[in-house]
Amino acid sequence: MRNYYLILAFFVATLLGSCCNTPGERVRDLPTKPIVVLYDNDVHCAVDGYAKLAALREQFSNEGNYTTTVSCGDFVSGDIVGTVTKGEAIVSIMNRTGYDVITLGNHEFDFGLPHILSLTEALDAKTVCANFRSTAGEELVFSPYEIISYGDVDVAYIGLTTTATATLVSNDTFKDEEGNVLYDFAHNNLYKTTQHYVDKAIAEGADYVVALAHLGDVSQGGHINSVEMIANTRGIDILIDGHDHHEIEQRLVRNADNEDVILTSSGTKFHNIGVITLSTDGTFSSSLVPTADLTTIDADVQSYTDSVKQEALKAGERVIGHTDFPISIIGPDGKRIVRNSEANIGNLCADAIRYGTKAEIALINGGGIRASFDAGDITVNDCFQVFSFNNTVCTASMSGQQILDALEFGARATPAEVGGFLQVSGIRFDIYLVDSPVVLDDKGMCAHIADGERRVANVEVLDSTTGEYHPIELDRIYTVGSFEYLVSGKGDAGVLQYATIKEGQLGQDLQMLADYIENALGGIISERYRKAEGRIFQHLSWD
């Protein structure tokens, strides 16, 4: 009889417990000690941060926490070490640091799909991405998530890569030789795809779900951002984000069930290390630790990093020029200008491409200019910092009308920033800050320009023989120097998508910039580059 009452009491307790849970509520185990997740995003080859990250991980481990290290992408390119080694040195440093899970940023594809497949194979960490898939049967290229056990608690790390990747890298990256698209990023059903794998991870036993995202928190070109992702899904407990380089310590966003979800992002180039904590009561918190405040390093990781850097930098130590003033992506007010207005470094870089290609005009994307020249000597390594993506230079044939359309598309967001804002050489024009007539398609590519009032006007082309400017001729075909990435690859949302390559494989952007400074300018940056010289004028209205 006693056993009967014990059994009855058990079933009653079970029934009451289930009645206390709302329908669909997850029953989760609680960690016996804190779980600390250290993260980075958009490191872009700022390799000196890895030794501090490794030391911080050891510190948290020694304090009795579970520890995990993750990355939200954009680590293989963006600086000389990544460019020279095509990301291989970065992967080797990350292996020394000790990563557990990573997802991919758009720049992981800078060196082509076969190469990133090779790099992820060499990476000790698990690569996760729930939305990079083959168009044949929608088979995923990588695992959608990784579940890590911390005692009795299981945490799923699900990866998400921006759908803009297909427009930000060479368009040929994901096509076969016949131009058929072989891979995509679930642009048309990203919410559904994400929810499917979140649900699958939970069904597999995940107590908590951490999204490792490279989406950005600001909408651009119709691509789903991290805020929208949270708002349209359920089951994600915290979303770590990359892509926009924003510092977000802890922002609460409501999900599809009207529950608060933490959104966090550490900025870029290891300015901070992100720290996520899952406490023993089952709650998440997030903080950012400035790397400048960290004094402890992992000696082994730092020693290895130094040796890798030394090898990469050897070839670039040669001085090729000198400037008495900064040539910068930053304006006088301290804000970046290279993606929304004329910049002296944009003029220098565009002039270098026009000089190297012997073209009439040069059009290059401001987003491809990644750093500034400080006053003083200029080395090859400095040029690597400016042109860090190793773009292949080409000439293209463009009609005057196509050039007008490209300028209009590049200026569509001004004064807001877009990577496709065009820095120019051999041409000048005005931008009137009226409503943009540019129409984007559902993938964020330029679909067409609507009839009516345009932003760009008074376009004039330089006659290099006389040094005079003349109105652009709409039916004339001009030779334009640019990057293959922008022309045949339709990069930066297709800003030059209507151009036709005239001559390709003319060299690398870095080498043309170095050659222009050293030879065309005789190693001395002239006064004409001290400030913007009036190639792009901006007006608030037509009045």
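Per the numbering used here, the very first residue in the sequence shown carries number 252; after that it's consecutive. Note that beta-carbon positions come from the ideal geometry of N, C-alpha and C, so glycine has one too.
Can you say whether residue i is buried or exposed, counting buried as having 16 or more other CB atoms within 10 angstroms of its CB?
i    : result
K377 : buried
V352 : buried
E659 : buried
Q553 : buried
K520 : buried
V690 : exposed
V406 : buried
K337 : buried
L304 : buried
E778 : exposed
L503 : exposed
Y256 : Residue placement at Y256 is poorly supported in this model, since its pLDDT is 42, which falls under 50; the coordinates still yield a value, given next. With fewer than 16 Cβ atoms within 10 Å of its Cβ, Y256 is classed as exposed.
Q653 : buried
A701 : exposed
L747 : buried
P666 : exposed
Cα-Cα, which of the options is closest to residue i?
i    : options                : result
S623 : E784, V432, D330, T412 : D330
H522 : L737, I775, V294, E769 : V294
L614 : S733, L564, Y606, R587 : S733
A594 : R727, V321, N440, R786 : R786
N439 : Y459, V478, G493, R384 : R384
D468 : T515, R347, Y459, E510 : T515
G430 : G774, Q759, K741, L791 : K741
G333 : R347, T348, H358       : H358
E711 : C697, D693, I678, Y729 : I678
T444 : L747, L490, K753, E389 : E389
D495 : G315, G670, I682, L791 : G670
N313 : I612, P285, V637       : P285
Tell me where the alpha helix (DSSP H) around residue i begins and ends.
i    : result
P365 : 364-373
K443 : 441-454
T418 : 416-419
Y317 : Taken as a continuous stretch (DSSP letters only), Y317 belongs to no alpha helix (DSSP H), being part of the beta strand (DSSP E) at 317-322.
E500 : Segment 498-505 is the beta strand (DSSP E) holding E500; no alpha helix (DSSP H) there.
V478 : 477-482
C600 : 595-608
E659 : 651-661
G742 : 742-745
N346 : 339-348
Q789 : From DSSP, Q789 is part of no alpha helix (DSSP H) but of the beta strand (DSSP E) over 787-790.
L757 : Counting along the chain, L757 falls outside any alpha helix (DSSP H), and DSSP gives it neither H nor E.
Which first and last residues belong to the beta strand (DSSP E) in which residue i is found?
i    : result
T547 : Segment: none, T547 is in no beta strand (DSSP E) and carries neither H nor E.
N616 : 612-616
D633 : No beta strand (DSSP E) contains D633, which is instead part of the alpha helix (DSSP H) from 631-637.
L514 : 511-517
I303 : First, the residue type needs correcting, since residue 303 is Lys and not Ile in the sequence shown. K303 -> not in any beta strand (DSSP E); alpha helix (DSSP H) instead, spanning 300-313.
F436 : Looking at the DSSP string, F436 is not in any beta strand (DSSP E), and its letter there is neither H nor E.
E754 : 751-754
R195 : The requested residue 195 does not occur in the structure, where the chain is confined to residues 252 to 794.
G572 : 570-574
A464 : 459-465
Between the C-alpha atoms of residue i and residue j, what's the straight-line distance to the nearest angstrom?
i    : j    : result
N616 : D743 : 8 Å
I341 : L307 : 19 Å
S369 : F360 : 11 Å
D403 : V449 : 19 Å
N272 : D488 : Low per-residue confidence applies at N272: pLDDT is 36, beneath 50, and the placement is therefore not dependable enough to give any value.
N642 : G456 : 45 Å
S394 : D544 : 36 Å
G486 : D508 : 9 Å
A239 : F640 : There is no way to answer for residue 239, as the model of the chain reaches only from 252 to 794.
P577 : R277 : 57 Å
G324 : D686 : 34 Å
F436 : R663 : 25 Å
Q762 : M649 : 25 Å
E372 : G582 : 42 Å
P274 : G363 : Confidence at P274 is low in this model, with a pLDDT of 37, below 50, so its placement is unreliable and no value can be given for it.
P688 : D656 : 10 Å
V461 : V540 : 20 Å
L391 : C380 : 8 Å
T354 : E735 : 27 Å
Beta-carbon separation of residue i and residue j under 7 Å?
i    : j    : result
R645 : L764 : The sequence given here places Cys at residue 645; Arg does not occur at that position. Going by C-beta atoms, C645 is not nearer than 7 Å to L764.
K426 : V420 : no
I548 : A302 : yes
K298 : T318 : The question names Lys, but residue 298 in the sequence shown is Val. Not in contact: V298 and T318 (Cβ atoms no closer than 7 Å).
H699 : D628 : no
F680 : V707 : yes
H465 : A415 : no
I344 : T542 : no
T386 : G695 : no
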